[in-house]
Amino acid sequence: MEREREATPAQPTVPDVRLGGRYRVGPLIGRGGMAEVFDAYDEALERPVAVKRLRPEFGDDADLRRRFAREARAAGRITHPNVVAIYDVGEQGDVPYLVMERLPGRTLHDELAGGAVPPRRLRVLATDILGGLGAAHRCGILHRDVKPANVLLDESDRAKVGDFGIAHVSDELHHTSTGLVLGTLAYLPPERLAGGAATAAGDLYGAGVVLFEAATGRAAFAADSPLALTHAVAHDTPGFGVEERRRLDPGFAAAVERAMAKDPDHRFASAEAMLAALLGEGRTDPDAAAPTVPVRTGLPRTERLVAPTPASTPTTRSEPVARPDAPRRRRRLLLAVAVVLAAVAVTTAALVTGSDRAGAPTPTPSTSTPAGSTPPQLGRALDGLDRAIDR
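The sequence shown begins at 28 in this note's numbering and counts up one residue at a time.
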């Protein structure tokens, strides 16, 4: 027991009792790659809060300080019940910090440690996560690190998207080392691993991977080394098992698979469109009015694009017209074509006969058939053809 105590690292502490003259800082409640989160109390507004500050050992890293400040600016611009609220920002000495709403401390990562969640819970998670991402995207902010550990749960187990520490604001230059890929490997879209730009489709990909894990209780991509995991993300296609499909709504499973498509163009146009597909509510996003969906054919690794069948145009007839069956329609069409050919033959014979009787071609009076017009008999036959086709 004594050895265990010696092996336990000392808990970090904040050097000052108060930050910004109003935030009384308490014990450490969380620690990430570049920041620590402390329980705190806002003495001015008399409410519990959480204080997130850059770890002291990174205080001299200008790039990390910029990223930390970017998180505060990015998240502070979003007001939505499914995004962790940012109340205040400041700097104590050379260490920046931000003040945010205090949550119990559980994350979706903790919940998924217990395995797959029920379908009803999946729908709640999808609504919360995509609601938060949609709000961020409307503000021009990309999260770029969507994963279970960055989805916090409140007292009612509703999800809130947090940790915009590597978020990218669309109107701000991205300050990182050249070629550095930020994010968590198993949830990054393949185009980001290849050095491509971050997009909203990449955030939706991450949401799809998270929902796949929540629906199945297993990681979408698993490997025993970073290199193998990178290969899996780039080339493997996660799929639902037979029992998993039986338990899930087919539309939900199809929407998750579409969100995880390798090609960003095959994913959803927006968080709202993805949520509508997951919940089976149809298309509600105008940008997704006629998306192309990848459909697997019988050939391996082959895809074709199929556009949804457009809605039929309402007829203007006052009464419904019964459509004949295929054989009758075909006979009518052949009969109409025969009438046209007969009319052409009769017209040609008449012209030839007139020519023979006079010994020379008889000019057609300009008043009967103007240049470029259709002879009356042929015109009547063509009108009949149109009516037959229309029937």
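For glycine and all other residues, C-beta sits at the position ideal for the given N, C-alpha and C.
Taking the straight line between their C-alpha atoms, what separation do you get for residue i and residue j?
i, j, result
"Ile56", "Thr134", "13 Å"
"Pro327", "Gly141", "In this prediction, Pro327 scores a pLDDT of 34, lower than 50, which makes its location untrustworthy; no coordinate-derived value is stated."
"His164", "Asp190", "15 Å"
"Phe295", "Arg51", "44 Å"
"Arg129", "Asp66", "8 Å"
"Gly222", "Leu215", "11 Å"
"Arg97", "Ala282", "32 Å"
"Lys14", "Ala242", "It is not possible to answer for residue 14, since the shown part of the chain is limited to 28 through 418."
"Ser297", "Leu231", "8 Å"
"Pro265", "Gly132", "30 Å"
"Leu256", "Gly210", "14 Å"
"Arg147", "Arg92", "41 Å"
"Gly47", "Asp172", "30 Å"
"Val76", "Arg219", "34 Å"
"Ala286", "Val116", "35 Å"
"Ser183", "Val151", "11 Å"
"Ala224", "Pro291", "11 Å"
"Met61", "Arg94", "10 Å"
"Glu73", "His136", "31 Å"
"Ala101", "His293", "28 Å"
"Pro253", "Ala303", "34 Å"
"Arg58", "Glu270", "38 Å"
"His262", "Thr226", "20 Å"
"Glu118", "Leu180", "27 Å"
"Pro145", "Gly233", "20 Å"
"Pro217", "Ile113", "31 Å"
"Ala153", "Glu84", "37 Å"
Could you pull out every residue in the same chain whose Cβ sits closer than 8 Å to the Cβ of residue i, ignoring the five residues on either side in sequence?
i, result
"Glu240", "Leu139, Pro175, Ala246 and Ala247"
"Asn177", "Thr134, His170, Val188, Gly189 and Asp190"
"Ala162", "Ile105, Thr106, His107, Asn109 and Val110"
Report yes if the C-beta distance between residue i and residue j is below 9 Å; otherwise report no.
i, j, result
"Gly235", "Met127", "no"
"Val111", "Val188", "yes"
"Asn109", "Gly159", "yes"
"Val260", "Ala228", "no"
"His258", "Ala249", "no"
"Leu157", "Glu63", "no"
Using the DSSP secondary-structure output, state which residues sit across from residue i in a beta bridge.
i, result
"Gly57", "Val64"
"Met127", "Ala77 and Ile113"
"Glu118", "Pro123"
"Ala186", "Leu180"
"Val260", "None; Val260 has no bridge partner."
"Asp290", "DSSP lists no partner for Asp290."
"Val52", "Ala67"
"Leu46", "Tyr50"
"Thr134", "Leu179"
Cutting at 7 Å between CB atoms, please list the residues of its own chain near residue i, excluding the five before and the five after it.
i, result
"Arg49", "Asp69, Glu70 and Ala71"
"Gly86", "Asp121 and Val122"
"Pro392", "Below a pLDDT of 50, predicted positions are generally treated as unreliable, and Pro392, at 42, falls in that range; no measurement from the model is reported."
"Ala280", "Phe267 and Arg272"
"Ala99", "Ile113, Val116 and Leu125"
Tell me which same chain residues have a C-beta within less than 6 Å of the C-beta of residue i, skipping the five on either side of it?
i, result
"Gly244", "Gly142 and Ala143"
"Arg45", "Arg51"
"Leu378", "For Leu378, the predicted model reports a pLDDT of 44, less than 50, meaning its position is unreliable and no value from the coordinates is stated."
"Glu11", "Residue coverage of the chain in this structure runs from 28 to 418, which leaves residue 11 outside it and unanswerable."
"Thr155", "For clarity, residue 155 is Asp in the given sequence; the question names Thr instead. Taken in chain order, the residues that qualify are Asn109, Arg185 and Ala186."
"Asp88", "none"
I'd like to know if the stretch 79-86 and the stretch 106-126 are in contact, where contact means that at least 3 CB-CB pairs between them fall below 8 Å. yes
Does the stretch 97-110 come into contact with the stretch 157-176, if we say contact requires no fewer than three beta-carbon pairs (one atom in each stretch) closer than 8 Å? Touching, yes, given that three or more Cβ pairs across the two stretches are closer than 8 Å.
The stretch 294-308 / the stretch 266-279 touching (three or more Cβ pairs under 8 Å): yes
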